[in-house]
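A.B. asks:
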Amino acid sequence: MCGGEAGRRARMASSALSFPSTAGKTCVHWNYTKASLQAPPLDFSFRGISFMQDLLTEEPRPGPRAIRRLEGGRLLTQAVRLNNNTLNDLTDFSDIMEKLLEYPLDIYWIDLSFNDLPNIDPVLTTYYNLRNLNLHGNSIQHLSEVDKLAVLPHLRNLTLHGNPIEEEKGYRSYVLSTLPQLKSFDFSGVTKLDRSTATVWRRMNIKPKVIRKKRERY
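Next up, the structure:
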């Protein structure tokens, strides 16, 4: 039986609609999600990985605790470490996650630090529950790449230092004004002063987009 408020709501909804099988599936997902939050990350760090497909043949690094593997062979975890490899793109990322993880859309932490990524791949923005994203030590060259992450409402911790964009003027203020939901940036807590400075910086340096209405033709 599901526990907590989520479980109670699932049971009530099922009872009202007379869909016991749906409630069962909801309970299973809820329990697995709770378990996967406590699981160690799937760790492919320092494996010399150049392509996402390599994850299907490479063995992950062992940890002090094993990750639970379900009957279908997929793993029960919500964190993935791919740091310190040689990735320069994330082609097939979502497909590989679906093959390896039981609930890939529940991923809350992705570590891609110390690779050779030239940009922030849009695939990362499809993980709605993402809270922690490590991208430091890559090859990201344009600050505007950060704009892509604005669609992630739960993103709280982000790292980007060690990329070429770190040298751009207003680097920290740009990121914090673009992603006001961040609690930590580059392993440094975001303060009220940081937010205030970022807001002022954006007001002075970034012009709002002007939407021009097309003239109606008669």
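The number in this note's numbering is simply the position in the sequence shown, starting from 1, with 1181 added.
Don't be surprised by glycine CBs; every beta carbon is placed ideally from N, CA and C.
On a predicted model such as this, the values are computed, not experimentally measured, just so you know.
Which residue or residues does DSSP assign as beta-bridge partners of Asp1235?
C.D. replies: Paired residue(s): none; Asp1235 is not in a bridge.
A.B. asks: At what residues does the alpha helix (DSSP H) containing Val1356 begin and finish?
C.D. replies: From DSSP, the alpha helix (DSSP H) with Val1356 extends over 1352-1359.
A.B. asks: Looking at C-alpha atoms only, which residue of Asp1224, Val1371, Lys1350, Asn1310 is the closest neighbour of Ser1340?
C.D. replies: According to the sequence displayed, residue 1340 carries Thr and not Ser. Ranking Asp1224, Val1371, Lys1350, Asn1310 by Cα distance to Thr1340 puts Val1371 first.
A.B. asks: Measure the CB-CB distance between Leu1263 and Asp1292 and report whether it falls below 8 Å.
C.D. replies: Contact flag set, yes.
A.B. asks: Can you tell me whether Thr1238 is buried or exposed, with buried defined as 16 or more other CB within 10 angstroms of its CB?
C.D. replies: Flag for Thr1238 reads exposed.
A.B. asks: Can you name the residues that DSSP bridges to Asp1292?
C.D. replies: DSSP output for Asp1292 lists Arg1262, Asn1315 as bridge partner(s).
A.B. asks: Just to confirm, is the Cβ distance from Arg1255 to Leu1236 under 8 Å?
C.D. replies: Going by C-beta atoms, Arg1255 is not nearer than 8 Å to Leu1236.
A.B. asks: Would you kindly work out how many angstroms separate the C-alpha atoms of Ser1325 and Thr1359, rounded to a whole number?
C.D. replies: For Ser1325 and Thr1359, the distance between alpha carbons rounds to 10 Å.
A.B. asks: Give the secondary structure of Thr1378 by DSSP, where H, G and I count as helix, E and B as strand, and everything else as coil.
C.D. replies: Helix.
A.B. asks: Around the C-beta of Asp1224, are 16 or more other C-beta atoms found within 10 angstroms, so that it is buried, or is it exposed?
C.D. replies: Buried, by the Cβ-count rule.
A.B. asks: Indicate whether Ile1230 and Thr1267 have their beta-carbon atoms separated by less than 8 Å.
C.D. replies: Taking 8 Å as the Cβ cut-off, Ile1230 and Thr1267 qualify as a contacting pair.
A.B. asks: If the criterion is Cβ atoms closer than 8 Å, does the pair Glu1283 and Leu1251 meet it?
C.D. replies: Contact flag set, yes.
A.B. asks: Can you give me the start and stop residues for the alpha helix (DSSP H) that Leu1336 sits inside?
C.D. replies: Run containing Leu1336: none; DSSP gives neither H nor E here.
A.B. asks: Report whether the distance from the Cβ of Leu1336 to the nearest heavy atom of the ligand SAM is below 7 Å.
C.D. replies: Of ligands this structure carries none, so the ligand SAM is not represented either.
A.B. asks: When you compare only the Cα positions, how much space is there between Asn1296 and Gly1318?
C.D. replies: Their Cα atoms are separated by approximately 7 Å.
A.B. asks: Report yes if the CB atom of Ile1301 is closer than 8 Å to the CB atom of Met1233, and no otherwise.
C.D. replies: In this structure, Met1233 does not lie closer than 8 Å to Ile1301 by Cβ.
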